[in-house]
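J.: The numbering of the sequence shown is the working numbering, which starts it at 18 and goes up by one.
A single structure is presented below for examination.
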Amino acid sequence: MSFFKAIGKFISESGLPHILTESGVLAQGSLRGFLNGTNFNRNKRIHPMLAVALETLHFESFLKNQDTMEKTRLTALLLTIKLEPGEETNFCNSLPSELHELFESYEKYRDTTLDGGHGATQQFCMIYVKLIGLYHDLSRAVRTGNHKLYFQVLPEVVKVFFAFNHQNYARWESRFLDNLLKMEETHPGISELFSKGMLSIRRTKKRYSGNYQDLTLEQTINLDAANTAQGVVNLTDSIAARQRWAINHYLRTEISYDLLSYLCLTSKEDVSREINPSCIRRDTRQLKDITDCIISCNNPFAVESNSLNNLSTGKAAASVTQHYLNNVFDIGGKAMDEFIKNCVADPANFEKPIKKIASFAEE
């Protein structure tokens with residue numbers, strides 16, 4: 018949720034939130050909560066959808082400008098792909114050579130966009146797509162128990178926290194990352210446990226069903242903690258009664274959860290609910306609405322511009338804001354390195370404030 022809040026700061030007053038409300042995908046009253054990341058399920062559905070719309074337009078721009086392959090030919094090649102269960106490497110190796118060449122060319126084109134070679138607005142949009150890609154990689158690492166991917170993605174996430182002034186997460190994620198990097202020294206043999214999937218907890222037999230330990234606890238034995246029939250609100254003002262409740266609460270919740278599980282009265286997490294036919298039809302329709310709204314407002318990939326412009330109003334951002342937003346990973350990385358260096362020199366620096374963000378909303 019904090020990561021989605023950082024992304025909300027990144028796109029605030031950029032025109033992208035306006036596009037979501039104008040397309041009907043997001044209600045006006047839900048906009049503030051969406052940017053603050055307070056509704057996780059809404060954020061994890063709409064952010065990737067917006068990122069797909071932007072990357073689709075970017076890919077169409079690539080096909081048009083580079084003149085590499087006609088859309089009809091690309092569609093025909095995609096229809097020849099056979100999707101079968103198996104390893105990702107085998108699937109990639111089975112792709113036609115023409116698609117491999119096309120994807121390699123697009124990766125170079127995308128890297129050029131991220132470096133600002135196709136304009137500041139295009140760079141901003143593709144950085145947003147990259148941020149959503151980080152969420153996908155982090156989620157995939159936890160879902161599959163892939164600790165190597167988790168260790169690879171986590172530093173990039175920490176950079177984002179530093180860049181957007183999420184001080185608590187920036188501090189403690191840095192400490193957490195340091196503990197992970199030294200875990201074999203402090204806990205010999207733990208790497209083998211991580212390789213067996215200790216990174217996450219799976220409550221079902223599905224392969225893509227891992228979850229965070231704290232979130233699993235919230236969804237299981239701690240589920241009744243705020244229940245008005247069982248929570249602390251029903252206790253008297255007796256301090257001793259509240260102490261007894263606090264001491265043995267975890268035991269009572271374990272017993273109640275095990276009993277409900279035995280009676281089949283608990284619902285396990287369904288990681289496949291988002292691919293239900295009705296959900297696919299809804300998301301496809303809303304994706305088209307977002308794409309059409311971007312094109313009607315201001316397609317950022319139609320024209321190359323050196324200024325960072327609001328996608329709905331056309332207003333150009335100040336040079337300081339443009340530099341900050343389009344170099345957020347570099348700025349966050351420097352802040353993280355400086356923070357770690359200062360903490361090594363003097364542990365008291367661990368509690369000092371971190372530099373604030375400059376965004377569209379700051380103007």
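The beta-carbon is built from N, C-alpha and C at its ideal position, and this holds for glycine as well.
No experiment lies behind these values; they were computed from the predicted model shown.
Can you tell me whether S226 is buried or exposed, with buried defined as 16 or more other CB within 10 angstroms of its CB?
T.: Burial call: buried.
J.: Quick one: what's got a C-beta closer than 6 Å to C142's C-beta in the same chain, skipping five residues either side?
T.: Hits under 6 Å: L71, P317.
J.: Apart from the five residues just before and just after F21, which ones in its own chain have a Cβ nearer than 6 Å to its Cβ?
T.: The answer, listed in chain order, is G54, N60.
J.: Using the Cα positions of V249 and R261, report the straight-line distance between them to the nearest angstrom.
T.: Legend: pLDDT at V249 = 49, less than 50; position of this residue unreliable, no value from coordinates given.
J.: Please check the pair L74 and I307, which I expect to be a contact at CB under 8 Å, by giving their CB distance rounded to whole angstroms.
T.: At roughly 10 Å, the Cβ-Cβ gap does not stay under 8 Å, so L74 and I307 are not in contact.
J.: If distances are taken between C-alpha atoms only, which option among L268, R269, K88, V337 comes closest to S324?
T.: Residue V337 is the option with its Cα nearest to S324.
J.: Starting from the C-beta of A333, find all residues in its chain whose C-beta is less than 6 Å away, skip the five residues before and the five after it, and write them out in chain order.
T.: Same-chain partners within the cutoff: S324, N326.
J.: In the DSSP assignment, find the unbroken alpha helix (DSSP H) run with G50 in it and report its ends.
T.: It spans 48-53 - the alpha helix (DSSP H) in which G50 sits, taken as one unbroken run.
J.: Using the DSSP secondary-structure output, state which residues sit across from N228 in a beta bridge.
T.: Partner(s): I218.
J.: May I have a chain-ordered list of the beta strand (DSSP E) segments no shorter than 3 residues that lie completely inside the region 120-193?
T.: List check, beta strand (DSSP E) in window: nothing returned.
J.: According to DSSP, is N82 part of a helix, a strand, or is it coil?
T.: In the structure shown, N82 sits in a helix (DSSP, three-state: H, G or I).
J.: Measure the alpha-carbon distance for N58 versus L116 and round it to whole angstroms.
T.: Roughly 34 Å separates the two Cα atoms.
J.: Cα separation between S47 and V170?
T.: When rounded, the distance between both Cα atoms is 29 Å.
J.: According to DSSP, what are the bridge partners of A333?
T.: In the DSSP output, where bridge partners are listed per residue, A333 has N326.
J.: Taking Cβ positions, are Q83 and S122 nearer each other than 8 Å?
T.: Yes. Within cutoff.
J.: Given 8 Å as the limit, is there contact between the region 85-100 and the region 37-46, that is, 3 or more CB pairs closer than that?
T.: With a cut-off of 8 Å, the region 37-46 and the region 85-100 do not count as touching, because too few Cβ pairs lie within range.
J.: In angstroms with no decimal places, state the Cα-to-Cα distance between I348 and H204.
T.: Spanning the two alpha carbons is a distance of roughly 33 Å.
J.: Roughly how many whole angstroms lie between the Cα atoms of L282 and T221?
T.: Taking the straight line from one Cα to the other gives about 15 Å.
J.: Starting from the C-beta of D363, find all residues in its chain whose C-beta is less than 6 Å away, skip the five residues before and the five after it, and write them out in chain order.
T.: Cβ neighbours of D363 beyond the five flanking positions: none.
J.: Taking the C-alpha atoms as reference points, what is the distance between F211 and L166?
T.: Cα-Cα distance, rounded: 12 Å.
J.: For D354, name the three-state secondary structure that DSSP assigns.
T.: Correct three-state label for D354: helix.
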